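Taking it in order: structure first as C-alpha cells, then the write-up.
There are 2 protein chains.
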Amino acid sequence: MQELNPDDEYQEQKKKSMTNVQLTQKQKELIERMGVFYERHGIPPMEGRIMSLLTVCDEPELTFDQIRELLVISKSATSSALNMLLLTQRVIYKTRPGDRKRYFTSNIVEWQESFTESFQKFFGVIKIMKEALNQRTPNTPEFNGQMAEFIEFIEYLSIEFPRLYSDWSNRKTNNNKNN
Amino acid sequence: MQELNPDDEYQEQKKKSMTNVQLTQKQKELIERMGVFYERHGIPPMEGRIMSLLTVCDEPELTFDQIRELLVISKSATSSALNMLLLTQRVIYKTRPGDRKRYFTSNIVEWQESFTESFQKFFGVIKIMKEALNQRTPNTPEFNGQMAEFIEFIEYLSIEFPRLYSDWSNRKTNNNKNN
DNA sequence: TTTTTGGTTCTGTATTTTCAGAACTTAAAA
DNA sequence: TTTTAAGTTCTGAAAATACAGAACCAAAAA
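Each protein sequence line maps, in turn, to chains A and B.
Following the numbering used here from start to finish, the first sequence increments by one per residue and tops out at 205.
Following the numbering used here from start to finish, the second sequence increments by one per residue and tops out at 205.
Below, the structure written as C-alpha cells:
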C-alpha cells in the first residue's frame with residue numbers, strides 16, 4: 027500500500043468521519059422497537075426510525091448521509107422523512123462554520139421549547155369543539171353540559187400547564203442551589 | 027292508502043325511528059371539517075367522521091344503522107370503524123332493555139374517566155426513553171442530561187396531572203355551591 | 001472551467017389502507 | 001319452524017403511502 031500524502035490523509039479523514047459512527051446490534055434492535063412504538067402513535071415508519079436513531083446513536087448529531095448509511099435507505103427516503111420531521115418540529119439541525127452539511131438532532135434537546143408548543147397545538151381541539159357545541163340543539167342539556175365541561179377543562183389546562191412547567195423548573199434550580 | 031293495524035303502526039314507528047335523525051347541510055359540513063381535523067391527528071377518516079357525527083348530531087345516541095345511513099357508508103365500514111373506536115375508547119355504547127341494538131355515544135360524555143387514562147398511555151414514552159438513555163454512551167453528558175430532564179419532567183407530569191384534574195373538579199363543585 | 005458535495009425532485013413500483021358488496025352468523029321474533 | 005334484525009367476516013378493488021433509483025440542481029471546491 028502506498029504512503030498517503032497530506033491531502034489524501036485529509037480525504038481519508040473525511041471519508042472516515044462519514045462512516046465513522048456505527049451501531050451495535052442492540053442499538054439496531056432498540057431503534058426498530060422504538061420505531062414501531064412511534065408508528066403506533068401515528069408516525070410514519072421511516073420518520074420513527076430516524077427519530078429513534080437520533081436518540082439511540084452515541085453521536086447525537088448526524089448528517090444526511092450518516093443517517094442514510096446507518097439506516098441503509100435511499101436518498102429520497104432520507105430527504106422526505108427528514109423534511110417532514112423538520113416541519114413537525116421533531117428534529118432540528120445545526121450548521122457548522124465552513125461546512126455545508128446539516129447536523130440533525132432529536133428535538134429532545136430543545137423539548138422545553140417545543141413541548142409547550144405541541145401541547146398548545148393539542149389544545150386546538152377546543153376551537154372546533156366550541157363550534158360543534160354552539161350549533162347543537164338545546165334539547166340535549168346533559169350531553170351539551172358534558173361537552174361544555176370538557177372544553178372548560180381543556181381551557182383550564184392550557185392555562186395551568188405552562189405554570190406546571192415553570193413550577194417544575196423552579197423546583198429544579200432550587201434543588202441544585204441547595205446541593 | 028290503507029288503514030294501519032296496530033302491528034303495522036308499530037313497524038312504521040320502528041322504521042321511522044331508524045331514519046328519523048337528519049343532518050342539516052351545516053352539520054354535514056362541520057362533520058367533514060372535524061373529520062379532517064381528526065385525520066391530521068392520525069385518526070382514520072371514517073373513524074374521524076363517526077366521532078364527529080356523534081358530537082355534531084342533535085341525537086347523541088345513534089345506532090349502527092343510523093350511523094351507516096347518516097354517513098352513507100357500507101355495513102363493513104361502519105362495523106370495523108366502530109369496533110376500532112370502541113377498542114380505542116373514543117366511543118362507547120349503551121343498551122336498552124328489550125332492545126337488541128347498541129346506542130353509540132361519543133366518549134366525550136365520559137371524558138373525565140378516559141382523559142387521565144389516555145394521558146397515562148402517552149406517558150408510556152418514558153419507559154422506552156429510559157431504555158434508550160440507559161444504553162447511551164457516557165461521552166455525551168449534555169445530550170444525556172437533556173434526555174434525563176425530559177424523562178423527569180414527564181414523570182413529574184404523570185403525578186401532577188391527576189392532581190390538576192381534581193383541583194379543577196373541586197373548584198367547580200365549590201363554585202356551584204356558592205352560586 | 002470542471003468536479004464534487006449535499007442534497008431535492010421525478011418516476012415508478014410494492015405495500016398498506018380504506019372502503020364497498022355480498023355472504024355469513026346468531027339471537028330473537030313471528 | 002321460518003323470518004328478521006343487527007351486525008360480522010370475507011373478497012376484492014381503488015386509492016393512498018412509502019419507499020428505491022435515477023435524474024437533476026445549486027453552491028463550493030479544485
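Each residue gets a CB set at the ideal place from its N, CA and C atoms; glycine is no exception.
Because the structure is a prediction, the values reported are computed rather than measured.
Item, Value
"Return the chain-ordered ranges of every alpha helix (DSSP H) run that is complete within the region 111 to 187 of chain B and spans a minimum of 4 residues.", "137 to 148 and 151 to 160"
"Per DSSP, what kind of secondary structure is residue 39 of chain B in: helix, strand or coil?", "Confidence at residue 39 of chain B is low in this model, with a pLDDT of 41, below 50, so its placement is unreliable and no value can be given for it."
"Let me know the secondary structure DSSP gives residue 190 of chain B once reduced to three states.", "helix"
"Report the CB separation of residue 86 of chain A from residue 80 of chain A in whole angstroms; it is logged as a contact under 8 Å.", "7 Å"
"Which residues in the same chain have their Cβ closer than 7 Å to the Cβ of residue 170 of chain B, if we skip the five residues on either side of it in sequence?", "159 and 162"
"Does DSSP classify residue 56 of chain A as helix, strand or coil?", "helix"
"Check the C-beta distance from residue 97 of chain A over to residue 75 of chain A and give it rounded, since I have them as a contact under 8 Å.", "6 Å"
"Taking Cβ to Cβ, would you say residue 184 of chain A is nearer than 8 Å to residue 146 of chain A?", "yes"
"Which residues share a DSSP beta bridge with residue 88 of chain A?", "A:130"
"Residue 128 of chain A to residue 64 of chain B, Cα distance in whole Å?", "33 Å"
"Residue 135 of chain A and residue 172 of chain B: beta carbons closer than 8 Å?", "yes"
"8 Å is my cut-off, CB to CB: does residue 190 of chain A come that close to chain B?", "yes"
"Using only alpha-carbon positions, find the residue among B:78, B:110, B:69 and B:73 that is nearest to residue 54 of chain B.", "B:78"
"Run down chain B in chain order and give the residues with a C-beta less than 7 Å from the C-beta of residue 196 of chain A.", "Those within 7 Å of residue 196 of chain A in chain B number zero; the least Cβ separation is about 12 Å."
"Measure the C-alpha to C-alpha separation of residue 119 of chain A and residue 141 of chain A and round it to an integer number of angstroms.", "17 Å"
"Which residues, in order along the region 124 to 158 of chain A, keep a beta-carbon less than 7 Å from a beta-carbon of chain B?", "134, 135, 137, 154, 157 and 158"
"Between the beta-carbon of residue 82 of chain B and the beta-carbon of residue 60 of chain B, is there less than 8 Å?", "yes"
"Who are the neighbours of residue 68 of chain B on chain A, taking C-beta pairs under 9 Å?", "67, 68 and 69"
"Within 10 Å of its beta-carbon, does residue 113 of chain B have 16 or more other beta-carbons around it, so buried, or fewer, so exposed?", "exposed"
"Flag this pair as yes or no: are the beta carbons of residue 166 of chain B and residue 125 of chain A separated by less than 8 Å?", "no"
"Is the shortest distance between the beta-carbon of residue 29 of chain A and the beta-carbons of chain B less than 8 Å?", "With a pLDDT of only 35 at residue 29 of chain A, under 50, the local geometry of the prediction cannot be trusted, and no value is derived from it."
"Shorter than 8 Å from the beta carbon of residue 202 of chain A to some beta carbon of chain B?", "no"
"Residue 82 of chain B touches chain A at which residues, Cβ-Cβ below 9 Å?", "158, 161 and 162"
"For the region 86 to 99 of chain A, enumerate the residues whose C-beta is nearer than 8 Å to any C-beta of chain B, in chain order.", "86"
"Is there at least one Cβ from chain B nearer than 8 Å to residue 113 of chain A's Cβ?", "no"
"Kindly list the residues whose CB is nearer than 7 Å to the CB of residue 94 of chain A, restricted to its own chain and excluding five residues on each side of it in sequence; keep chain order.", "101 and 104"
"Around the C-beta of residue 201 of chain B, are 16 or more other C-beta atoms found within 10 angstroms, so that it is buried, or is it exposed?", "exposed"
"Would residue 157 of chain B be called buried (16 or more neighbouring beta carbons within 10 Å of its own) or exposed?", "exposed"
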